[in-house]
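One structure below.
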Amino acid sequence: SAVISQKPSRDICQRGTSLTIQCQVDSQVTMMFWYRQQPGQSLTLIATANQGSEATYESGFVIDKFPISRPNLTFSTLTVSNMSPEDSSIYLCSVEFSGRAPDTQYFGPGTRLTVL
Amino acid sequence: AQSVTQLGSHVSVSEGALVLLRCNYSSSVPPYLFWYVQYPNQGLQLLLKYTTGATLVKGINGFEAEFKKSETSFHLTKPSAHMSDAAEYFCAVSGNNFNKFYFGSGTKLNVKP
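Heads up: the sequence lines are chains F and L, in that order.
Just so you know, our numbering puts 53 at position 53 of the first sequence, and the rest follows in order with no gaps.
To get our numbering, take the position in the second sequence, counting from 1, and add 116.
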């Protein structure tokens with residue numbers, strides 16, 4: 001496993017603004033993912049962050065709303081754009097090391113976002 | 117297609133009692149199955165996983181789970197609950213052709229003194 005950190009750990013934002021969340025891993029990983037966990041609900045995959053290319057988004061999520069970057073094998077960012085109260089959630093990044101199934105996903109501590 | 121069903125959004129047990137959290141899956145390919153735990157205000161921590169081989173899998177903190185293909189189940193158990201086990205538990209399934217994980221809706225475990 002590895003140490004996975006996320007910044008910020010929590011934030012309160014105003015409607016219409018944007019927030020960029022960072023995910024940093026202390027070793028190189030093959031795969032990085034971003035999830036959303038809405039209040040009282042399970043995890044929903046937003047996208048797979050691909051190093052050096054555009055992220056792969058799941059149905060219902062679009063790049064304009066959730067732009068993602070992954071400049072190297074240890075770092076990724078997720079931006080929540082033009083926020084509304086419905087975006088209030090926990091956002092989690094996860095990583096895999098081998099990229100070959102059956103691999104395990106390891107999760108960061110999450111970023112708790114509240115949109116007013 | 118993959119999916120996971122966790123029966124019981126809330127389970128309450130007394131300290132020292134058996135813990136049983138239910139997970140049933142649907143998978144079009146041989147499944148890989150995982151249990152994660154989420155403590156309040158924290159991320160997810162891997163408890164245990166089944167990929168191939170022995171169907172009874174032991175994890176951290178005294179938890180174990182048994183893969184039963186005939187029942188499409190992967191229930192999580194612990195013989196004796198501790199107060200520190202109070203958390204939310206998520207079952208997840210993945211397949212052998214891709215990395216995508218499908219998570220169940222979660223079960224919140226309450227442990228009574």
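Built from N, CA and C at the ideal position, the CB exists for glycine as well.
Chain-order list of residues whose beta-carbon lies under 7 Å from that of residue i (same chain, five-residue window excluded)
{"i": "N171 (chain F)", "result": "It is not possible to answer for residue 171 (chain F), since the shown part of chain F is limited to 1 through 116."}
{"i": "S221 (chain L)", "result": "Q122, S125"}
{"i": "T44 (chain F)", "result": "Y35, R36"}
{"i": "Q161 (chain L)", "result": "Y152, V153"}
{"i": "A47 (chain F)", "result": "W34, A55, T56, Y57, E58, F61, F66, I68"}
Supposed close pair residue i, residue j - CB separation, criterion 8 Å
{"i": "S81 (chain F)", "j": "S18 (chain F)", "result": "5 Å"}
{"i": "F183 (chain L)", "j": "L149 (chain L)", "result": "6 Å"}
{"i": "I21 (chain F)", "j": "Y91 (chain F)", "result": "6 Å"}
{"i": "K174 (chain L)", "j": "T104 (chain F)", "result": "Their Cβ separation, rounded to whole angstroms, is 15 Å, which puts K174 (chain L) and T104 (chain F) out of contact at 8 Å."}
{"i": "V227 (chain L)", "j": "V129 (chain L)", "result": "6 Å"}
Sub-7 Å separation of residue i and residue j beta-carbons
{"i": "G108 (chain F)", "j": "C23 (chain F)", "result": "yes"}
{"i": "Y141 (chain L)", "j": "T171 (chain L)", "result": "no"}
{"i": "A181 (chain L)", "j": "L192 (chain L)", "result": "yes"}
{"i": "E131 (chain L)", "j": "P195 (chain L)", "result": "no"}
{"i": "F219 (chain L)", "j": "S88 (chain F)", "result": "no"}
{"i": "V135 (chain L)", "j": "A197 (chain L)", "result": "yes"}
{"i": "S59 (chain F)", "j": "R15 (chain F)", "result": "no"}
Cβ-based neighbour list, residue i, same chain, cut-off 8 Å, excluding 5 preceding and 5 following
{"i": "F217 (chain L)", "result": "F150, A208, V209, S210"}
{"i": "R10 (chain F)", "result": "T111, R112, L113, T114"}
{"i": "V29 (chain F)", "result": "A2, L73, T74, V95, E96, F97"}
Contacts around residue i, its chain only, beta-carbon distance under 6 Å, and the 5 residues preceding and following it disregarded
{"i": "V25 (chain F)", "result": "A2, I4, T74, V95"}
{"i": "T77 (chain F)", "result": "T20, Q22, S69"}
{"i": "P67 (chain F)", "result": "T79"}
{"i": "S27 (chain F)", "result": "A2"}
{"i": "K7 (chain F)", "result": "Q22"}
Beta bridge counterpart(s) of residue i as assigned by DSSP
{"i": "S142 (chain L)", "result": "L:S119"}
{"i": "F183 (chain L)", "result": "L:F190"}
{"i": "L162 (chain L)", "result": "L:Y152"}
{"i": "F217 (chain L)", "result": "Paired residue(s): none; F217 (chain L) is not in a bridge."}
{"i": "Q15 (chain F)", "result": "As written in the sequence, residue 15 (chain F) is Arg, which differs from the Gln given in the question. Beta-bridge pairing links R15 (chain F) to no other residue."}
{"i": "T30 (chain F)", "result": "In DSSP, T30 (chain F) forms no bridge with anything."}
Contiguous beta strand (DSSP E) assignments of at least 3 residues, all confined to the segment 39 to 114 of chain F: The qualifying runs are 43 to 49, 68 to 72, 75 to 80, 89 to 96.
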